[in-house]
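Engineer: Numbering (my numbering), first residue to last: 5 to 437.
For each residue, glycine too, the CB sits at the ideal point set by N, CA and C.
Encoded as structure tokens, here's the structure I'll be asking about.
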Ligand SMILES: NC(=O)c1ccc[n+]([C@@H]2O[C@H](COP(=O)([O-])OP(=O)(O)OC[C@H]3O[C@@H](n4cnc5c(N)ncnc54)[C@H](O)[C@@H]3O)[C@@H](O)[C@H]2O)c1
């Protein structure tokens with residue numbers, strides 16, 4: 005059974021279904037479609053599918069033309085119709101894995117997606133889970149749900165886990181250039197999944213089980229959470245010693261081995277780094293294992309917006325101004341540079357923290373015209389000399405490329421630079437994190 009599918013994959017005749025067309029699923033589906041595979045992009049969101057059918061992108065990294073070309077060619081079919089899974093020989097699940105309450109995973113999207121797959125799956129199909137999740141998910145959650153179809157994994161159908169490693173906003177390391185890690189349930193599952201990803205990526209690295217592949221992704225993301233936590237702590241220490249943390253990082257990174265630079269800021273945001281390690285934390289706790297590193301780093305990072313607000317209060321005081329009633333412009337509100345994503349965005353927390361202290365906060369972001377998140381509704385400001393001059397402080401929270409920082413320096417009274425965007429610029433107006 006699996007040899008037939010293997011041939012179909014190698015000949016690019018296998019039809020692919022990508023379930024969940026977000027930051028991960030859309031570029032992946034287009035990756036297959038542009039390599040000639042007939043690819044169904046399946047999403048429950050009618051508005052996303054309507055956009056795609058018109059060749060319109062809702063993700064910064066994906067250009068309209070990348071969608072329109074395969075839609076017109078007939079290799080990419082966006083749809084909300086989950087029964088199209090019946091026509092697919094390989095189905096890849098890329099749905100969200102958020103946190104439900106503090107420190108508890110919300111597996112409802114994965115459950116609903118796998119149930120749709122089980123309802124529509126045909127014999128001889130390969131299913132791959134890409135959503136970031138705790139070790140054991142594929143075997144303990146996905147496999148029993150799939151086998152409710154009456155089909156046996158390893159015999160009638162095939163199952164593997166392969167974590168997505170996409171880095172939104174990164175134009176160099178795009179989905180088709182990043183090596184894939186794969187762990188299948190059986191040798192046949194491994195062989196098929198390896199063949200599938202080899203069609204679109206430069207390297208497929210096999211591990212011995214789905215759990216090892218799940219843990220690989222969590223090791224990568226937790227590594228970032230912890231190192232960002234440490235560098236934020238180091239930034240606070242450097243401030244107390246009156247040392248420039250940015251200068252220290254630049255010096256440390258001249259070491260050609262054993263060091264990797266991470267940069268301080270308002271903490272971590274987006275769908276991955278703040279949430280994925282919590283999946284690991286939760287699962288490890290069930291096995292009687294507590295991660296002090298994850299908890300500590302998450303707490304240090306979460307405290308950064310309040311730390312920055314307190315620093316700003318002191319900076320204003322040094323200029324004879326109280327934070328209550330002070331006009332503050334936050335520059336950049338997304339969770340990172342050149343990306344539209346507002347999920348878990350630390351600058352939003354900074355705005356809330358400054359407002360709690362009585363500041364009159366406005367914002368500018370070239371990618372976000374207005375804010376409507378967490379009960380916060382504010383229109384973005386246009387960057388004019390008059391508006392800048394009216395602020396008591398400008399806080400550079402995100403270093404988007406499409407901002408004229410020289411213009412801001414010229415017209416702002418004072419700048420609190422959390423991103424070292426003014427590296428090498430000497431001005432009494434600038435204070436760095
Ligand atoms: N965004 C990233 O940078 C990134 C990077 C690596 C891994 N991941 C992981 O990949 C997974 C997906 O993340 P994302 O950022 O693409 O999420 P997203 O929210 O951008 O997209 C998920 C999509 O799935 C759709 N969806 C939800 N339930 C569905 C269902 N039952 N059937 C069909 N469609 C459904 C939603 O409508 C949405 O369009 C998560 O586990 C995430 O942790 C994300």
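List the endpoints of the continuous beta strand (DSSP E) containing residue 335.
Structural biologist: Start and end: 331-335.
Engineer: Which partner residues does residue 164 have in the DSSP bridge list?
Structural biologist: Its beta-bridge partners are 132 and 188.
Engineer: Could you please give the first and the last residue of the uninterrupted alpha helix (DSSP H) stretch that includes residue 393?
Structural biologist: Residues 389-393.
Engineer: Please confirm if the region 13-21 is in contact with the region 160-172, defined as three or more CB-CB distances below 8 Å between the two stretches.
Structural biologist: Contact between the region 13-21 and the region 160-172 is absent, because fewer than three Cβ pairs lie under 8 Å.
Engineer: Can we count residue 275 as close to ligand 1, meaning its CB is less than 6 Å from some heavy atom?
Structural biologist: Yes, the beta carbon of residue 275 sits closer than 6 Å to at least one heavy atom of ligand 1.
Engineer: Leaving out the 5 sequence neighbours to the left and right, which residues in its chain are closer than 6 Å to residue 237 when beta-carbon positions are compared?
Structural biologist: Answer for residue 237: 304, listed in chain order.
Engineer: Who are the Cβ neighbours of residue 355 in its own chain at under 6 Å, not counting the five residues just before and after it?
Structural biologist: Answer for residue 355: 334 and 365, listed in chain order.
Engineer: In terms of residues, what are the limits of the alpha helix (DSSP H) holding residue 244?
Structural biologist: 214-245 is the span of the alpha helix (DSSP H), which, as asked, contains residue 244.
Engineer: Just to confirm, is the Cβ distance from residue 416 to residue 387 under 7 Å?
Structural biologist: Not closer than 7 Å, so no.
Engineer: For residue 174 and residue 64, what's the separation of their Cα atoms in angstroms?
Structural biologist: Those two C-alpha atoms are separated by around 10 Å.
Engineer: Give the single residue among 411, 272 and 256 whose Cα lies nearest to the Cα of residue 390.
Structural biologist: For residue 390, the nearest C-alpha among the options comes from 411.
Engineer: State the DSSP-derived secondary structure class of residue 108, mapped to helix, strand or coil.
Structural biologist: Residue 108: strand per DSSP, three-state reduction.
Engineer: Could you pull the DSSP bridge partners for residue 381 from this structure?
Structural biologist: DSSP output for residue 381 lists 376 as bridge partner(s).
Engineer: Using 7 Å as the threshold, is the C-beta distance between residue 351 and residue 362 below it?
Structural biologist: No, they are not a contact pair.
Engineer: Residues in the same chain with beta-carbon distance under 7 Å from residue 370, minus the five sequence neighbours each way, listed in chain order, please.
Structural biologist: So the qualifying residues of the chain are 404, 406 and 407.
Engineer: Should the region 260-268 be called in touch with the region 205-224, which here means at least 3 C-beta pairs below 8 Å?
Structural biologist: The region 260-268, when compared against the region 205-224, does not touch it at the 8 Å Cβ threshold.
Engineer: Do residue 122 and residue 23 have their C-beta atoms within less than 7 Å of each other?
Structural biologist: Not in contact: residue 122 and residue 23 (Cβ atoms no closer than 7 Å).
Engineer: Measuring CA to CA, which of 306, 307, 308 and 281 is closest to residue 295?
Structural biologist: When only C-alpha atoms are compared, the closest one is 281.
Engineer: I'd like to check one pair, residue 276 with residue 225: are the Cβ atoms closer than 7 Å?
Structural biologist: Taking 7 Å as the Cβ cut-off, residue 225 and residue 276 qualify as a contacting pair.
Engineer: Check whether the Cβ atoms of residue 130 and residue 56 lie closer than 7 Å to each other.
Structural biologist: The answer is no: Cβ separation not under 7 Å.
Engineer: Quick check: does the Cβ of residue 9 come within less than 6 Å of any heavy atom belonging to ligand 1?
Structural biologist: No; taking the cut-off as 6 Å, the Cβ of residue 9 has no heavy atom of ligand 1 nearer than that.
Engineer: Pull up the distance between the alpha-carbon of residue 338 and that of residue 192, whole angstroms please.
Structural biologist: The straight-line gap from Cα to Cα measures roughly 42 Å.
Engineer: Please indicate yes or no: does the CB of residue 170 lie closer than 6 Å to some heavy atom of ligand 2?
Structural biologist: This structure simply doesn't include ligand 2; it includes ligand 1 instead.
Engineer: For the beta strand (DSSP E) containing residue 46, list its first residue and its last residue.
Structural biologist: Counting along the chain, the beta strand (DSSP E) containing residue 46 begins and ends at 43-46.
Engineer: Residue 157 and residue 145 - do their beta-carbons sit closer together than 7 Å?
Structural biologist: In this structure, residue 157 does not lie closer than 7 Å to residue 145 by Cβ.
Engineer: Using DSSP's beta-bridge definition, name the partner residues of residue 396.
Structural biologist: None, per the DSSP bridge assignment.
Engineer: Taking the alpha carbon of residue 309 as the reference point, which residue from 437, 172 and 142 has its own alpha carbon closest?
Structural biologist: The option with the nearest alpha carbon to residue 309 is 437.
Engineer: Would the C-beta of residue 116 count as close to ligand 1, meaning under 6 Å from any of its heavy atoms?
Structural biologist: Answer for residue 116: yes, Cβ within range of ligand 1.
Engineer: Below 8 Å on the Cβ atoms is my contact criterion, and I expect residue 53 with residue 82 to pass it. Report the Cβ-Cβ distance as a whole number of Å.
Structural biologist: 5 Å between Cβ atoms; contact.
Engineer: Cβ of residue 110 within 6 Å of any heavy atom in ligand 1?
Structural biologist: No, Cβ of residue 110 sits at least 6 Å from all heavy atoms of ligand 1.
Engineer: What are the start and end residues of the alpha helix (DSSP H) that includes residue 83?
Structural biologist: It is not in any alpha helix (DSSP H) - residue 83 instead sits in the beta strand (DSSP E) that spans 80-83.
Engineer: Compute the minimum distance between the beta carbon of residue 82 and the heavy atoms of ligand 1, and state whether it is under 6 Å.
Structural biologist: No, the beta carbon of residue 82 sits no closer than 6 Å to any heavy atom of ligand 1.
Engineer: What I want to know is whether the C-beta of residue 283 ends up closer than 6 Å to one or more non-hydrogen atoms of ligand 1.
Structural biologist: No, Cβ of residue 283 sits at least 6 Å from all heavy atoms of ligand 1.
Engineer: Considering only the beta carbon of each residue, do residue 234 and residue 107 sit closer than 7 Å?
Structural biologist: The answer is no: Cβ separation not under 7 Å.
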